[in-house]
Structure formats: C-alpha cells, structure tokens
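The listed protein sequences derive, respectively, from chains D and U.
Throughout, our numbering is defined as the position within the first sequence, counted from one, plus 8.
Throughout, our numbering is defined as the position within the second sequence, counted from one, plus 444.
Down below is the structure, laid out as structure tokens.
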Amino acid sequence: GAVVSQHPSWVICKSGTSVKIECRSLDFQATTMFWYRQFPKQSLMLMATSNEGSKATYEQGVEKDKFLINHASLTLSTLTVTSAHPEDSSFYICSASPMLEGQGLEAFFGQGTRLTVV
Amino acid sequence: KNQVEQSPQSLIILEGKNCTLQCNYTVSPFSNLRWYKQDTGRGPVSLTIMTFSENTKSNGRYTATLDADTKQSSLHITASQLSDSASYICVVSQNAGNMLTFGGGTRLMVKP
Numbered sequence: 009g010a011v012v013s014q015h016p017s018w019v020i021c022k023s024g025t026s027v028k029i030e031c032r033s034l035d036f037q038a039t040t041m042f043w044y045r046q047f048p049k050q051s052l053m054l055m056a057t058s059n060e061g062s063k064a065t066y067e068q069g070v071e072k073d074k075f076l077i078n079h080a081s082l083t084l085s086t087l088t089v090t091s092a093h094p095e096d097s098s099f100y101i102c103s104a105s106p107m108l109e110g111q112g113l114e115a116f117f118g119q120g121t122r123l124t125v126v
Numbered sequence: 445k446n447q448v449e450q451s452p453q454s455l456i457i458l459e460g461k462n463c464t465l466q467c468n469y470t471v472s473p474f475s476n477l478r479w480y481k482q483d484t485g486r487g488p489v490s491l492t493i494m495t496f497s498e499n500t501k502s503n504g505r506y507t508a509t510l511d512a513d514t515k516q517s518s519l520h521i522t523a524s525q526l527s528d529s530a531s532y533i534c535v536v537s538q539n540a541g542n543m544l545t546f547g548g549g550t551r552l553m554v555k556p
C-alpha cells in the first residue's frame, strides 16, 4: 500500500522555539495533505488541509500564524509550530490520499510526531 | 450535523476470544467507510475501506460489515491476539473521500 512518512517521530523543544514536522508521500503524489492533532485517549482532530502550490485551509479555531503549513511539492508538506508553548504538546499526524480506482480517495497516515514543549 | 459514534468506548477481552466493535454514522452524502487500527503512539493504519455497495469485507482476522440503509458498520475481530490491543477508529468520508468524519474510537485491550 501507499506509504506516508512523517519526521521526526518525537521531538522535545523549549518554550518559545519553533519546530518543523515533515510529511512525505513516498510512492505517490499528493496534491492535498491533511494535518491532525490528537490528544490522549481522543480521536484525531483536523487542523488544516495542505494544498500543493497554494495556501493551506485551516479549521476553525486553529491559528494559521502559529501553525505554518507549507506544501512546496507534490510529495512534501511541512507543519511548523511557531513559538511553541507547553499547551502545544500533542501528537501531530499527517495524511495523504492517492486516488484508488472505484473507491475514491484512501487516506494513508504518517507515523505521527510526539511534540513535547518544556 | 455529520457524526460518527463508536461503541463501546473501551473493551477488554481475553486472548483467543472474538469481539465486535460498532459504528453508527449520520454522515451525508456518503462516499466510503473505513476502519483504522491505531497503536499507541503511532499513526492509524487502514484495515478496510467499504463503498456504498459493499456489505462485508475481510482483512485476515478482521471482518467489517456495512449496512448503508441503517448507517451502521461493525468490525469483527476473530481469535484475538495480544497485538490486537489498540484503538480502532471508524471514519466516514464524503465527496469522494476528501472530507473525513472520525469516530471517537474503541480502545481494545487483549489480555493473556
């Protein structure tokens, strides 16, 4: 099946610093990628939709200046958490969707990134 | 409002036993329904994806059913193994899959 690779798997950073998370589709091109946030024992919450070559679409309540998304190529989207604070500590997951014949889009998820802000 | 409700929220079973997880949805228009397995600290991994016309689909010991009339789906796990311990998430998509609604997940623990 299709593979989506996310890097890093975990990161610890100091308050006030910025952290960049990469999401790559390894064997298919993705014009659209999605970024999610997941708190412990909860399901995934969509943060934003990343569109190749254009601005990302953010969900209500998600600060676009804090969570910068760049989708510079058909295989790479990045999420930068700027001026991170402890409350930004969470599990961040990306997904990308190749088109499957007869089934529409199938979402493949990255391994996730555990961000801890100290 | 588009919603996906899963039950039970959590479940503990003994190794070797079977179990069935439930998913009810009110998403419209419907494109497809997916079941994912998410291990702790990992991203979700697809188990099955079913379109409107499919009633059942199997993937090894996992069998998913879909009743599009009642908007219900189930995931049956046969002969559970310790490695089945995970969260199972039901996701319903609209618009050829571009819009996803996630269920809250069922946390399954398989004990020896």
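Glycine included, C-beta positions come from ideal geometry on N, C-alpha and C.
Indicate whether residue i and residue j have their beta-carbon atoms separated by less than 9 Å.
i                      : j                      : result
residue 546 of chain U : residue 515 of chain U : no
residue 534 of chain U : residue 477 of chain U : yes
residue 120 of chain D : residue 485 of chain U : yes
residue 510 of chain U : residue 503 of chain U : no
residue 43 of chain D  : residue 85 of chain D  : yes
residue 21 of chain D  : residue 123 of chain D : yes
residue 544 of chain U : residue 115 of chain D : yes
Taking residue i as the query, report the chain D residues whose CB atoms sit under 8 Å from its CB, ordered along the chain.
i                      : result
residue 548 of chain U : 50, 51
residue 486 of chain U : 119, 120
From what residue to what residue does the beta strand (DSSP E) around residue i run?
i                      : result
residue 126 of chain D : That residue, residue 126 of chain D, is in no beta strand (DSSP E); it is neither H nor E in DSSP.
residue 474 of chain U : Where residue 474 of chain U is concerned, there is no enclosing beta strand (DSSP E), given that its DSSP letter is neither H nor E.
residue 462 of chain U : Note, residue 462 of chain U: premise wrong, no beta strand (DSSP E); not H, not E.
residue 104 of chain D : 98-104
residue 546 of chain U : 543-546
residue 501 of chain U : 500-503
residue 451 of chain U : 448-451
residue 57 of chain D  : 53-59
residue 89 of chain D  : 84-89
residue 80 of chain D  : 75-81
residue 30 of chain D  : 27-33
Give me the Cα-Cα distance between residue i and residue j, rounded to the nearest whole angstrom.
i                      : j                      : result
residue 505 of chain U : residue 82 of chain D  : 35 Å
residue 118 of chain D : residue 513 of chain U : 33 Å
residue 101 of chain D : residue 53 of chain D  : 9 Å
residue 497 of chain U : residue 105 of chain D : 21 Å
residue 532 of chain U : residue 448 of chain U : 13 Å
residue 495 of chain U : residue 480 of chain U : 15 Å
If distances are taken between C-alpha atoms only, which option among the options comes closest to residue i?
i                      : options                    : result
residue 525 of chain U : U:537, U:554, U:453, U:480 : U:554
residue 39 of chain D  : D:103, D:53, D:45          : D:103
residue 64 of chain D  : D:115, D:49, D:80          : D:80
residue 57 of chain D  : D:50, D:47, D:49, D:72     : D:72
residue 483 of chain U : U:448, U:529, U:452, U:544 : U:529
residue 453 of chain U : U:538, U:460, U:468        : U:468
I want to verify the contact list: residues of chain D whose CB lies under 7 Å from the CB of residue i, in sequence order.
i                      : result
residue 544 of chain U : 115
Note down, in chain order, every chain D residue with its Cβ under 9 Å from the Cβ of residue i.
i                      : result
residue 490 of chain U : 9, 114, 115, 116, 117
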